[in-house]
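Below you'll find the structure, written out as structure tokens, and then a few comments.
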Amino acid sequence: MTNDIEAKAVNVIRGLAMDAPNAARSGHQGTAMALAPLAHVLWTRILRYDANDPNWPDRDRVILSAGHASILLYSMLHLTGYDLTIEDLRQFRQWGSKTPGHPEVGFGTPGIEVTTGPLGQGIANSVGMAVAERFVRATYGSEICDHRIWAICGDGDLSEGVSHEAASLAGHLKLDRLVWIYDDNHITIDGPTDISLGDDVVLRFRGYGWNVIELGEVANDLDAIETGLRSAMANNDAPTLVVLRSHIAYPSERFMDDPEAHGYVLKDDEIAATKAAMGLPPEKTFYVPDDVSEFYLAAGERGAADSAAWQERLDQLDEASLLAWVASQGGTAVPGVELDMPSWEVGEMVATRAASGKCLAAVAEAVPSIIAGGADLTSNTGTTLGISGAQSFNNPAGRQFYFGVREHAMAAIMNGMALHGGVLPVGGTFFVFTDYMRPAVRLAALSEAKVIFVWTHDSVGVGEDGPTHQPVEQLASVRAMPGLTVIRPADATETVGAWQQALHAEGPVGLVLSRQGLPVLAGTDAAEVEFGAYSVVESEDEPDLILIGTGSEVSVCVEAAQELAKHDIDVRVVSMPSWELFALQSEEYREELLPSDIPTLSVEAGSTFGWERWSDASIGIDQFGASAPGEVVLANYGMTAANVVTQAQALLESLDLG
């Protein structure tokens, strides 16, 4: 039953929701105002959390997928006792603050579970979190993992295509610990939703296999909201959508149900009038009276006993289970378990996607937190585990994940798994389909989520499928993304090194792998992949020229170097599997490998964009591909030793003439 202090507390949230954007002269007030009662019920009556231990692994997760309403989340974290001060709220959207415009994980703001902003990403992340929760619970028992995943979304989230992909998969998997709360306010930036949206959301989600609870016009009825959320918690056979009809900017007399309220619209006079109507002192900003503060702080402390009891249960695990738990939280191998990585003979022809599959199988034995699969391309991308069966409602400990034809959702779900903890997700698709994944890959990099993207069919060597399936500009585009480590191994040996780097990485890694067989080279070394670039063929004397190759073109460079030697041209061949790792090396190492006074020629079956950073001239493919056998396409685009020899001689001649 609602009491006076709760009614007052809800209005305090609304006051903060108006004041912080007003101080910043930027932000979104209306949604936060309308959802203040929902937030109050969640943080005081429903959620299992400990404000003094924000990273408690068995806490409930709350994702504000409608991230533009971030002040709502920041207000609740401050009020319930997280390390977020009233001054942090005053610094909303300011440089270096802990209260950025949209929630960002990993940047010093406690209680933020994922980075949301682009609509639809947060709810897709929540699906990954629900998978991770179920997997960890099945692996370690409900005494160690037993919580729920809550996500707050709006019309914008449900309009984005990624929401369809993610909701469909969540329903298929029957993720019964997952609850989405749909803020059905009938408003978009452009105007009322009916100008562009006519979906029957209830039928849509029931069609996906979800439970749906329609709360109707109860957005200000705390008891009715609690009843609805507890009904969602009682469902144990499917995810649940709770539909809450709200009114944006309530209780503003002027801007309620106005599309302008989606942004920063309530200024000084309107804020004062709205505060007065709520019984708050109009002249006070960021007003939190003592009784409201005490009420919320008490709510934030209630989970401390649960958190302490959980720690005692964790400490009682046997040594092997505890070691596995710690390893799973870091996505690493269990201490003392050796990685029995595969090896190959020099001269063997092995596609790096096939080599990667063998590496994954070896790694999965030592890293029990790995869940792997593909976007309907599991066997094609070498992401078949062959152990523990498919992840499903009936097999919650399954480590083989079938994402279906859902590249965008796959990447977002992987982010959710990683950020939940206890899972190291591996997901594969053809490299050209990074275009479908890009928003979520970008957020993986921004979030520093430890995920491993396996991108195969890496060049025009794909062949007969033609230009629609032949990546050309994709390498340049993913390399341009800060925080993403891209590794394109030259052969099976370097693929081992690529996997070793992926396991040790603290953020996302993209493995870019060949469809076609590549020769295992004499000069490649798995350990050298760590440096991003190294010499695979060294000249007897100081080199006249350095050839830099990546992936399938390293063997082309090796062959070209042998031919150039017949013309008394000494060549060093450098394999550069990762620009990002090479850039991390000392200036001395980079200068020693690629001396500034020795001409360099890069060779890569993709766009030459960006290669001027490392080479004086480039051989590449700056146009779309063609449909023909892969070796024919590569040859016609100049990815041959003969063309490299010709271009190398031309480069040296031009320098001599200069």
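Numbered according to this note's numbering, the sequence shown spans residues 1469 to 2126. Built from N, CA and C at the ideal position, the CB exists for glycine as well.
Within a 10 Å sphere around the beta-carbon of LYS1826 sit 16 or more other beta-carbons, which makes this residue buried.
Beta-bridge annotation (DSSP): CYS1621 is paired with TYR1650. Looking at ILE2087, ALA1491 and MET1544, the one whose alpha-carbon comes closest to that of HIS1508 is MET1544.
Bounds of the alpha helix (DSSP H) holding VAL1478 are 1472-1492. In the displayed model, TYR1755 falls within coil according to three-state DSSP, outside both helix and strand. Here MET1817 is exposed, its C-beta having fewer than 16 other C-beta atoms within 10 Å. The C-beta separation of LEU2015 from VAL2039 comes to about 6 Å, placing the pair in contact by the 8 Å criterion. Beta-bridge analysis with DSSP links MET1817 to PRO1987. GLU1628 is classed as buried because its beta carbon has at least 16 other beta carbons within 10 Å across all chains shown. Where THR1607 is concerned, the enclosing alpha helix (DSSP H) starts and stops at 1589-1608. Residue environment: GLN1938 is assigned as buried (16 or more neighbouring CB atoms within 10 Å of its CB, all protein chains considered). Of the residues assessed, ILE1591 falls on the buried side of the cut-off, its CB having 16 or more other CB atoms within 10 angstroms. In this structure, SER1775 and TRP1524 form a Cβ contact; the two beta carbons are roughly 5 Å apart against a cut-off of 8 Å. Scanning its chain for C-beta atoms nearer than 7 Å, with the 5 sequence neighbours on each side dropped, one finds around THR1902 the residues VAL1909, TRP1923, GLN1942 and VAL1946, in chain order. Segment contact: the stretch 1559-1576 against the stretch 1645-1657, fewer than three CB-CB distances shorter than 8 Å; contact not assigned. Where PHE2050 is concerned, the enclosing alpha helix (DSSP H) starts and stops at 2047-2051.
Closest option to GLY1931, judged by alpha-carbon separation, among ILE1531, PHE2092 and ALA2029: PHE2092.
A residue is called buried when at least 16 other Cβ atoms come within 10 angstroms of its Cβ; ASP1487 meets this threshold and is buried.
When Cβ pairs closer than 8 Å are counted between the two stretches, the stretch 2029-2043 is seen not to touch the stretch 1879-1890, the count staying below three. In the three-state scheme derived from DSSP, where H, G and I count as helix and E and B as strand, PHE1901 is classed as helix.
Residue pairing of LEU2069 in beta bridges, as defined by DSSP: LEU2015 and ALA2085. Beta-bridge pairing by DSSP links ASN1679 to THR1708. Under the rule that a run must span 4 or more residues, the alpha helix (DSSP H) segments found entirely inside the stretch 1848-1926 read 1875-1888 and 1902-1915. With respect to VAL2004, VAL1977 sits apart: the two C-beta atoms are not nearer than 7 Å. With fewer than 16 other CB atoms across the displayed protein chains lying within 10 angstroms of its CB, SER2122 is exposed.
DSSP places GLY1929 within a helical segment (H, G or I) once states are collapsed to three. Within a 10 Å sphere around the beta-carbon of VAL1873 sit fewer than 16 other beta-carbons, which makes this residue exposed. In the structure shown, the three-state DSSP call for VAL2024 is helix. The criterion of a C-beta distance shorter than 7 Å is satisfied by PRO1571 and LEU1541. Secondary structure at TYR1517: coil, using DSSP grouped into helix, strand and coil. For GLY1841, the pairing in a beta bridge is given by DSSP as PHE1869 and GLY1895.
Contact between the stretch 1846-1859 and the stretch 1605-1620 is absent: fewer than three C-beta pairs spanning the two stretches fall below 8 Å. Contact holds between the stretch 2016-2032 and the stretch 2066-2080, because three or more Cβ pairs, one in each stretch, are under 8 Å apart.
The three-state secondary structure of GLY1978, taken from DSSP, is strand. With respect to the 7 Å criterion, ILE1681 and ALA1702 are not classified as neighbours on the basis of their beta carbons. Inside the stretch 1522-1596, DSSP marks whole alpha helix (DSSP H) runs of 4 or more residues at positions 1538-1547 and 1554-1558, from first to last along the chain.
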